[in-house]
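**Student:**
Residue numbers (the working numbering): 1072 to 1277.
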């Protein structure tokens, strides 16, 4: 392999390692939250608003900067982010924004649907580049049962007629979202990349 290829492969492994760490921490915190509240799911345990989602982060993670409802300076500005296709993203859905002690920028967005509870927007290296969806920026979806997975339901930007009924999703459903959304030119569809990592055993194969 050439030196640039080796460097690129190393960088991708670094991105995945950092995201996997966040994934494990969020997953463990969700299960702990349910247990501590003697509940059967996250909504029963008390996650029922953007404020509750933010409190969840502040309770279980070491927050070094709390930007509240402001995206910056915890995250770069929306227009600095691009998709893998090179398209600049146009929408930001985070409602509460934090920087964690390990340099990760984490945003939450409470979802009132029956199964989904919180969207986590994760920039694994904060203000540093490359600021690309599917490289250092990912969206993970937490469901009422405490499992993190890909987006299973239809969003306002979705044209996918298939909606996953069960979580965890099938590898086929995740693959379809990866191809339709992560790899698309759409400036408003950000999901699909995280599910691909789950499918490929935490290897960035794309």
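Here a beta-carbon is modelled for each residue, glycine too, at the ideal position from N, C-alpha and C.
Note that the structure is predicted; figures quoted are calculated from it, not measured.
With burial defined as no fewer than 16 other Cβ atoms inside 10 Å of the residue's Cβ, what is the status of residue 1135: buried or exposed?
**Tutor:** Under this definition residue 1135 is an exposed residue.
**Student:** Under 8 Å by Cβ, that's how I've got residue 1277 and residue 1208 pegged, so tell me the actual separation to the nearest angstrom.
**Tutor:** Their Cβ separation, rounded to whole angstroms, is 15 Å, which puts residue 1277 and residue 1208 out of contact at 8 Å.
**Student:** Using only alpha-carbon positions, find the residue among 1140, 1155, 1142 and 1113 that is nearest to residue 1275.
**Tutor:** Per the Cα distances, 1155.
**Student:** If contact is defined by three or more beta carbon pairs under 8 Å, each pair taking one atom from either stretch, is the region 1181-1192 in contact with the region 1209-1220?
**Tutor:** The region 1209-1220 is in contact with the region 1181-1192.
**Student:** Helix, strand or coil: which one does DSSP assign to residue 1110?
**Tutor:** In the structure shown, residue 1110 sits in coil (DSSP, three-state: anything other than H, G, I, E or B).
**Student:** In whole angstroms, give me the CA-to-CA distance for residue 1084 and residue 1215.
**Tutor:** Cα-Cα distance, rounded: 30 Å.
**Student:** So residue 1137 packs on residue 1169, CB below 8 Å; how close in whole Å?
**Tutor:** Contact holds; Cβ gap of about 6 Å.
**Student:** Would residue 1131 and residue 1116 be called neighbours here (beta carbons separated by less than 9 Å)?
**Tutor:** Not closer than 9 Å, so no.
**Student:** What do you get for residue 1244, buried or exposed, if any count of 16 or more other CB atoms within 10 angstroms of its CB means buried?
**Tutor:** That one is buried.
**Student:** For a minimum of 4 consecutive residues, which ranges assigned as the alpha helix (DSSP H) are wholly contained in the region 1074-1162?
**Tutor:** 1074-1107, 1113-1116 and 1121-1131, all fully within the region 1074-1162.
**Student:** So who's on the other strand from residue 1190, going by DSSP bridges?
**Tutor:** Answer is 1180 and 1212.
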